[in-house]
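Only one structure is covered here, and it is reproduced in the block below.
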Amino acid sequence: MAEEMNPLEELLVDELKDLYSAENQIIKALPKMAKAASAPELRRAFERHLEETRRQVDRLEQIAESLDIRLTGKKCKGMEGLIEEGKEIMAEDLEENALDAGLIGAAQKVEHYEIAAYGTARAHAAMLGYNKAAKLLQQTLDEEGATDKKLTALAESVINVEAVHA
Ligand code: FE
Ligand code: FE
Numbered sequence: 114m115a116e117e118m119n120p121l122e123e124l125l126v127d128e129l130k131d132l133y134s135a136e137n138q139i140i141k142a143l144p145k146m147a148k149a150a151s152a153p154e155l156r157r158a159f160e161r162h163l164e165e166t167r168r169q170v171d172r173l174e175q176i177a178e179s180l181d182i183r184l185t186g187k188k189c190k191g192m193e194g195l196i197e198e199g200k201e202i203m204a205e206d207l208e209e210n211a212l213d214a215g216l217i218g219a220a221q222k223v224e225h226y227e228i229a230a231y232g233t234a235r236a237h238a239a240m241l242g243y244n245k246a247a248k249l250l251q252q253t254l255d256e257e258g259a260t261d262k263k264l265t266a267l268a269e270s271v272i273n274v275e276a277v278h279a
């Protein structure tokens, strides 16, 4: 990017910094969520998304390089709040099934936040003609969407309503 950024470019850089912070916070949170999960499929889903999230961070770094910008120095407060709420669920004394249900809900809030944030950044990058960045952002957006769908399917297969009733 040129030394003198236009306002939409400045906005895009802020959005990318936010995403970079958000993904790095998720990398710290996911191992705790995996550890808290009871259903093996849910635990594996969290572990797999951790690996995927690391690649998403790499993708953001690729974007930063192509735009010649830095992504450090900003904290995503939205993600901080969502992760805080996830911690509250883990701190409650919940029965296994209910805890898994709560973890899935917390994770889906994170995915929806990411979907909104990546969708916005992708749209702004495309408007500005940064096609490589837009393409990379779309790849991550697709992964977040797939993760969200997977979590919905897991909620249906893994949560034992009978056990929660008991
Ligand atoms: Fe992500
Ligand atoms: Fe994600």
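Each number in the numbering used here corresponds to the 1-based position in the sequence shown with 113 added.
Don't be surprised by glycine CBs; every beta carbon is placed ideally from N, CA and C.
Note that the structure is a prediction, hence the values are computed from the model and not measured.
In the pairwise beta carbon analysis, the region 169-186 is classified as touching the region 115-135: at least three pairs are separated by under 8 angstroms. Between the region 117-131 and the region 181-197, the count of Cβ pairs shorter than 8 angstroms is three or higher; the stretches touch.
Just so you know, the alpha carbons of Ile139 and Ala239 end up roughly 26 angstroms apart.
Excluding its 5 nearest sequence neighbours in each direction, Asn273 has C-beta neighbours in its own chain below 6 angstroms: Asn210, listed in chain order. Annotated as distal: Leu212 and Ser270, with beta-carbon spacing of 8 angstroms or more. If you look at Met146, you'll find it in the alpha helix (DSSP H) that goes Pro120 to Ala149.
A distance of 8 angstroms or more separates the beta carbons of Ile228 and Ala268. The Cβ-Cβ distance between Leu264 and Ala214 does not fall below 8 angstroms.
Note that the C-beta distance between Gln169 and Thr260 is not below 8 angstroms.
For Asn210, the enclosing alpha helix (DSSP H) begins and ends at Glu209 to Met240.
Short of 8 angstroms from the beta carbon of Met114, and not among the five residues preceding or following it, lie these beta carbons of its own chain, in chain order: Glu122, Val126, Leu180, Asp181 and Ile182.
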